[in-house]
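A.B. asks:
Here's what the structure looks like:
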């Protein structure tokens, strides 16, 4: 049995096999890969696209899904051993996860970081508890990484630009009124590095460096592929010759819990100039642009870019359906063997 | 491809064909009209009957439905073009609706008026954005009109009184502790006029006149049918000889945003006397009574009327299931062709 | 047609037949017992296990389920006759329940006590209204009793200890930071007595006596079986020779609405010593322990007990799926005949 928690646990070849399977599902959507199987999709955070694509996908594979929304941004479940549970937590993962494993054949979990203390978020406590106590496959529907989004992005990129090895992938920080979590940024970095891109991370300040866990994993992939990971505050250098620009906004990790100071840093660093526009795109090598959704137009990406043929965001979102079907079908096969 | 947004877009003959199909589904509930189709039912407002009847109906036609509840009474989606999205809206209809169109084969939308500024409500912004950007059929599950309720009402009336042409339909304002939106009043007016009734609207004051869009559409239908639309504050005249009394409470449009003043107007106009009771019904021509639900007993309609054989409210609610199946099946056929 | 509201309405033989059917479903999960049937599961209170097990169970029997969550801990529905509905309630059970009966073939209801005035809670107003006005079978998914949990408990006990007649069942009050409702305590008492156990209720104070409705029903069962119901504050006596210890926390009925005083009573009565631990279990006759979930570890039950082979809580939770399928299948047969 195998979980799908992060692409760090899967080889490039395994991930490519998932992408190939996703293309088969795009051409021929229905199968009985999940026949007589029930799946729980547990959302600790709201969702429209993820919920839609997982529910439709499970149904098209013959499965039956139940959506559970424990509510609130955190879940009063205890995951530590030996604790006297006289606080908020009404129950322990040691009971709730095994029981869900008896009702369901697969469990998807969305649990965003609490966004207060990064060292806590980095332990991915809810997903880790599910992975530890589940006796059925667990799928990450976005926590501190978003591996299903990674697959959807890579499917859109391969569809459009073909070979990815040695091409230039620019992960560009973009503006947003609030600091956001780093999940999709971590994921874009991991996936681009694994698939042989040279990766440039464009940020308004060194403080926007992603966590070492993801930086070093990406560097390891890059080294294996003979490629590089670069971080820069120079937008011209970042865009020059890029084949892909991937947009994402995120909060600076050293400023966790001090977001007022981070806002001042953005101001000082001139963060607003990071919006993706036609002028920047003109420096690229006929580059494409993508973004996970939702996306604020004319804040993150200018209309002229978002409405152009360069923009892959809608195709990427559609791919969520196809790649997640590939993941569910694969995990079902692994659980059966 | 065709949407089902308002009965204004459908001819009487087309609506009658939907009613005929609904009767076939009542007799024989199961079909494969939606086989291998997924439907999204998007509720920006809570629902029990609409949600139940759409989900059960889609399933009985072989379809798979997903309920999405973006939450709150408004949805932070931007529908205007060219806006710098640095406010509340996290995403634009230009992304979210096309993506739902890729996951789903049909989309139902419930989005009540915000009830602050009538000129804003009258643009029906959320439904309009779905209709504009969707590449699959969109169904109105209640916005500023409620066309599925119209069909359910007409099915119940035809079942009971047969021919509708030249019969008298009294749309009576009824009391309620709070001002309510005009959707079902607009709809009852449109549908009764389209099906050849002479329509009398009974209101406590001229300020309760419905919006000109609906008044003039109804007058146009009435003219085509050789019938009339009348508004009166005279309850005796309204009930005399009525074949149908349709009850609905709504807020006076000129008082939008000044509901305290509207409450004073109600008081002054003696609005409480508009409750439907046996004495009033005795003036009718053996008239029937209906109401969309929920319904406050002994405020809107007296128990003696609600518990009598005259009352069609429960039959009308049941019909929601049948007519919505007719609508979904019809839109699926139109989308296929 | 028959409802499943409380085990008080079902004979031991009938309940045993449900347990036997549950074991068949455990061995062979799929059937068409609910084919072409739609079921509404109406949750006035949140749920994860109940919702999961009912939805999965209905699907495995070929049925289609819709979850309705009217929201809030109470439902603004009027159940009394003849009332002028100018308060909070927007609709009357006389409309809403018949309409759900037209859409659905079976209705499950969860509606917890309001926990303010016990005499109100004891009328079980929401469930009673559903049972009164529904024309399809109604299932209690937990109100002031929890009959599905009773069946799940008894299935786990029979699986482990075999014969129940003449064995000792100790229903032990256990600590919890807040006063909880008595539903599962009432249910454990009813079911243990009906199945021939000698029942000992261990409480920190006489004030924790359960309501006379349940005490006298249990005493009647015990008399019919030649057994006894005993209440004690002596923990040693309660555990000595017990074959089963069933843990539940509940608030003292005479203190309803005065929970501060109840907290003082707990303190004075040394309630904390009621946690189930190895020392207490050593007094039993190799006894097993169970508990409905959620369960606070090291507050209600010590880790050493919860992690031992004695603990049946997870098996009991799994059984919810099997017994509820037996209930739904049985009610479907009764409704058909």
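Residue numbers (the numbering used here), protein chains in the order written: chain A, 1 to 337; chain B, 1001 to 1337; chain C, 2001 to 2337. Where is the CB? At the ideal position from N, CA and C, for every residue including glycine. Quantities reported herein were computed from a predicted structural model and do not represent experimental measurements.
(1) Counting only Cβ pairs nearer than 7 angstroms, list the residues of chain A close to residue 2273 (chain C).
(2) Per DSSP, what kind of secondary structure is residue 2263 (chain C) in: helix, strand or coil?
(3) Is any heavy atom in the ligand ADP found nearer than 6 angstroms to the beta carbon of residue 2056 (chain C)?
(4) What in chain B is Cβ-close to residue 2138 (chain C), meaning under 8 angstroms?
(5) Taking all protein chains shown into account, decide if residue 1286 (chain B) is buried (16 or more other Cβ within 10 angstroms of its Cβ) or exposed.
(6) What are the residues of the segment 2083 to 2097 of chain C that lie near chain B, defined by any Cβ-Cβ distance shorter than 9 angstroms?
(7) Please classify residue 1325 (chain B) as buried or exposed, where buried requires at least 16 neighbouring CB atoms within 10 angstroms.
(8) For residue 1270 (chain B), is the classification buried or exposed, using 16 other Cβ atoms within 10 angstroms of its Cβ as the cut-off for buried?
(9) Taking buried to mean at least 16 other C-beta atoms within 10 Å of its own C-beta, is residue 2268 (chain C) buried or exposed?
(10) In terms of residues, what are the limits of the alpha helix (DSSP H) holding residue 1300 (chain B)?
(11) Quick check on residue 1110 (chain B): does DSSP put it in helix, strand or coil?
(12) Answer yes or no: does any C-beta atom of chain B fall closer than 7 angstroms to that of residue 297 (chain A)?
(13) At 7 angstroms on the CB atoms, spell out the chain C contacts of residue 103 (chain A), in chain order.
(14) Under 7 angstroms between beta-carbons, which chain C residues line up against residue 36 (chain A)? List them in chain order, please.
(15) Which residues in chain C sit within 7 angstroms of residue 1049 (chain B), going by Cβ to Cβ distance?
(16) To the nearest angstrom, how far is the alpha carbon of residue 2039 (chain C) from that of residue 2062 (chain C)?
(17) Show which residues of chain A have a CB atom less than 8 angstroms away from the CB atom of residue 2318 (chain C).
(18) Determine, using beta carbons only, whether residue 2135 (chain C) and residue 2245 (chain C) come nearer to each other than 7 angstroms.
(19) Here's a check: name, in chain order, each residue in its chain whose Cβ is nearer than 8 angstroms to the Cβ of residue 2274 (chain C), leaving out the five neighbours to either side.
(20) Using only the alpha-carbon positions, how far apart do residue 1094 (chain B) and residue 1132 (chain B) sit?
(21) Considering Cα atoms alone, identify which of A:192, A:70 and A:206 is closest to residue 222 (chain A).
(22) So residue 1052 (chain B) is in the alpha helix (DSSP H); what residue range does that whole segment cover?
(23) In terms of alpha-carbon separation, which member of A:190, A:198, A:161 and A:207 lies closest to residue 179 (chain A)?
(24) So, with DSSP's three-state summary, where would you put residue 2280 (chain C)?
(25) Report the partner residues of residue 2198 (chain C) according to the DSSP bridge assignment.
(26) Do you know offhand how far residue 34 (chain A)'s Cα is from residue 1328 (chain B)'s?
(27) Strictly by DSSP, which residues pair up with residue 2006 (chain C)?
(28) So, at 8 angstroms on beta carbons, what are the nonlocal neighbours of residue 257 (chain A) in its own chain, with the 5 sequence-adjacent residues on each side left out?
(29) Please report how far the alpha carbon of residue 1030 (chain B) lies from the alpha carbon of residue 1152 (chain B), in whole angstroms.
(30) Over what stretch of residues does the alpha helix (DSSP H) that includes residue 2325 (chain C) continue unbroken?
(31) What would DSSP say about residue 135 (chain A), mapped onto helix, strand or coil?
(32) Let's test the definition: count the other Cβ atoms within 10 Å of the Cβ of residue 2120 (chain C) and tell me whether it reaches 16, buried, or not, exposed.
(33) Which residues in chain B have a C-beta closer than 7 angstroms to the C-beta of residue 59 (chain A)? List them in chain order.
(34) If we require 3 or more residues per run, which beta strand (DSSP E) segments fall completely within the segment 1232 to 1261 of chain B?
(35) Helix, strand or coil for residue 15 (chain A)? Go by DSSP, reduced to three states.
(36) Quick one: give me the first and last residue of the beta strand (DSSP E) that residue 1065 (chain B) is part of.
C.D. replies: Quick look at the numbers:
(1) The residue labelled residue 2273 (chain C) in the question sits at position 273 within the third chain. The contacting residues do not exist; residue 2273 (chain C) stays about 15 angstroms from chain A at best.
(2) Taking the first residue of the third chain as 1, we reach residue 2263 (chain C) at position 263. Residue state, collapsed to three classes: helix.
(3) Among the ligands in the structure shown, none appear at all, so the ligand ADP cannot be discussed.
(4) Working through the third chain from its first residue, we reach residue 2138 (chain C) at position 138. Per Cβ cutoff of 8 angstroms: no residues; residue 2138 (chain C) is ~15 angstroms from chain B at best.
(5) As a first step, residue 1286 (chain B) is located in the second chain; it is residue number 286 there, counting from the start. It counts as exposed.
(6) 2083, 2084, 2085, 2086, 2087, 2089, 2090, 2091, 2092, 2094, 2095 and 2096
(7) Position 325 of the second chain, counted from the first residue, corresponds to residue 1325 (chain B). Buried, since its Cβ has 16 or more Cβ neighbours within 10 Å.
(8) In the second chain, counting from the first residue as 1, residue 1270 (chain B) sits at position 270. It counts as exposed.
(9) Position 268 of the third chain, counted from the first residue, corresponds to residue 2268 (chain C). Exposed, because fewer than 16 other Cβ atoms sit within 10 Å of the Cβ of residue 2268 (chain C).
(10) Counted from its first residue, the second chain places residue 1300 (chain B) at position 300. Element bounds for residue 1300 (chain B): n/a, residue is neither H nor E.
(11) As a working mapping, residue 1110 (chain B) is identified with position 110 in the second chain. In this structure, residue 1110 (chain B) counts as strand in the three-state DSSP scheme.
(12) As a position in the first chain, residue 297 (chain A) is number 297, starting the count at 1. Yes, residue 297 (chain A) lies at the interface with chain B (some Cβ there is under 7 angstroms from its Cβ).
(13) Position 103 of the first chain holds residue 103 (chain A). 2052, 2053, 2056 and 2321, listed in chain order.
(14) Here residue 36 (chain A) refers to the residue found at position 36 when the first chain is read from its first residue. Correct list: 2030.
(15) Position 49 of the second chain holds residue 1049 (chain B). Here the neighbours are 2099.
(16) The residue you call residue 2039 (chain C) lines up with position 39 of the third chain. The residue you call residue 2062 (chain C) lines up with position 62 of the third chain. The straight-line gap from Cα to Cα measures roughly 11 angstroms.
(17) Counting from one through the third chain, the residue named residue 2318 (chain C) turns up at place 318. Chain A residues near residue 2318 (chain C): 99, 102 and 103.
(18) Residue mapping note: residue 2135 (chain C) aligns to position 135 of the third chain, counting from 1. Residue mapping note: residue 2245 (chain C) aligns to position 245 of the third chain, counting from 1. No.
(19) Taking the third chain and counting its residues from 1, the one referred to as residue 2274 (chain C) is at position 274. Closer than 8 angstroms at the Cβ level, and outside the excluded window around residue 2274 (chain C), lie 2172, 2173, 2174, 2175, 2202, 2204 and 2235.
(20) Here residue 1094 (chain B) corresponds to residue number 94 of the second chain, with the count starting at 1. Here residue 1132 (chain B) corresponds to residue number 132 of the second chain, with the count starting at 1. Going from the Cα of residue 1094 (chain B) to the Cα of residue 1132 (chain B) covers about 9 angstroms.
(21) Looking up residue 222 (chain A) in the first chain gives position 222. Comparing Cα-Cα distances from residue 222 (chain A) to each of A:192, A:70 and A:206, the minimum goes to A:192.
(22) Taking the second chain and counting its residues from 1, one reaches residue 1052 (chain B) at position 52. First-last of the alpha helix (DSSP H) with residue 1052 (chain B): 1049 to 1060.
(23) Stepping through the first chain from its first residue, residue 179 (chain A) is reached at position 179. Taking only the C-alpha atoms, the option nearest residue 179 (chain A) is A:207.
(24) On the third chain, position 280 is the one that residue 2280 (chain C) refers to. If DSSP states are grouped into helix, strand and coil, residue 2280 (chain C) belongs with the helices.
(25) The residue labelled residue 2198 (chain C) in the question sits at position 198 within the third chain. Residue 2198 (chain C) is bridged to C:2168.
(26) As a position in the first chain, residue 34 (chain A) is number 34, starting the count at 1. As a position in the second chain, residue 1328 (chain B) is number 328, starting the count at 1. Going from the Cα of residue 34 (chain A) to the Cα of residue 1328 (chain B) covers about 27 angstroms.
(27) Locating residue 2006 (chain C) in the third chain gives position 6, counting from the first residue. Residue 2006 (chain C) pairs with nothing; no bridge assigned.
(28) The sequence position of residue 257 (chain A) within the first chain is 257, counting from 1. Excluding positions up to five away in sequence, the list reads 116 and 117.
(29) As a position in the second chain, residue 1030 (chain B) is number 30, starting the count at 1. As a position in the second chain, residue 1152 (chain B) is number 152, starting the count at 1. If you take the alpha carbons of residue 1030 (chain B) and residue 1152 (chain B), they lie about 19 angstroms apart.
(30) By one-based count along the third chain, residue 2325 (chain C) stands at place 325. Note, residue 2325 (chain C): alpha helix (DSSP H), 2313 to 2336.
(31) For the purposes of this step, residue 135 (chain A) is taken as the residue at position 135 of the first chain. Of the three classes helix, strand and coil, the one that applies to residue 135 (chain A) here is coil, per DSSP.
(32) By 1-based counting over the third chain, the position of residue 2120 (chain C) is 120. Classification of residue 2120 (chain C): exposed, given that the 10 Å Cβ count is below 16.
(33) The residue you call residue 59 (chain A) lines up with position 59 of the first chain. Neighbours of residue 59 (chain A) on chain B, chain order: 1038 and 1064.
(34) 1244 to 1248
(35) For this step, residue 15 (chain A) is matched to residue 15 along the first chain. Residue 15 (chain A): helix per DSSP, three-state reduction.
(36) Residue mapping note: residue 1065 (chain B) aligns to position 65 of the second chain, counting from 1. Element bounds for residue 1065 (chain B): 1064 to 1068.
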